[in-house]
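A quick write-up on the structure given underneath.
In this note's numbering, the protein residues as written are 83 to 201.
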């Protein structure tokens, strides 16, 4: 049981560190984050199934959990920032699309008066 918890914690810490590397890359793909997040969720689920409590953890195991927690606290604002950036881009695209559709319906004089001059 002790070995399983140690290996699960080690894998959780490793996955969390990989996630941190992926998130901190400037041009990383958020879809790539999902595989790491799914892996972490599975590991956490396995740990919960093994029904461990805080009192049964050793000092090194608590240290690993503390490291995971600290990394998570650094990652959440970064991920939220990226999410807001993507949401802003989607809003801009939708606004420009709506503006194009609106002005196209108005015809050639959608932006003001149209003067046809003959020379």
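Beta carbons: idealized from backbone N, C-alpha and C, even for Gly.
This one's a predicted model, so the numbers in the text were calculated from it and none came from an experiment.
When the beta-carbon positions are compared, residue 146 and residue 95 come within less than 8 Å of each other. The alpha-carbon of residue 124 is positioned some 27 Å away from that of residue 168. Per the C-alpha coordinates, the member of 121, 101, 90 positioned closest to residue 155 is 101.
The three-state reading of DSSP puts residue 113 in helix, counting H, G and I together. Apart from sequence neighbours up to five positions away, the residues of its chain that approach residue 91 with a beta-carbon distance below 6 Å are 143, 146, ordered along the chain. For the stretch 133-182, not one full-length alpha helix (DSSP H) segment reaches 4 residues or more.
Secondary structure of residue 107 (DSSP, three-state): coil.
Inclusion of residue 98 and residue 122 in the CB contact set at 8 Å is warranted, their separation being smaller than that value. Around residue 150, the same chain offers 94, 95, 98 as residues with beta carbons nearer than 7 Å, after the five sequence neighbours per side are excluded. Residue 126 is positioned such that its CB atom lies no closer than 8 Å to that of residue 104. Take residue 114, set aside five residues on each side of it, and the residues of its chain with a beta-carbon closer than 8 Å to its own are 104, in chain order. Excluding sequence positions up to five before and after residue 128, its CB lies within less than 7 Å of the CB of 90, all in the same chain and listed in chain order.
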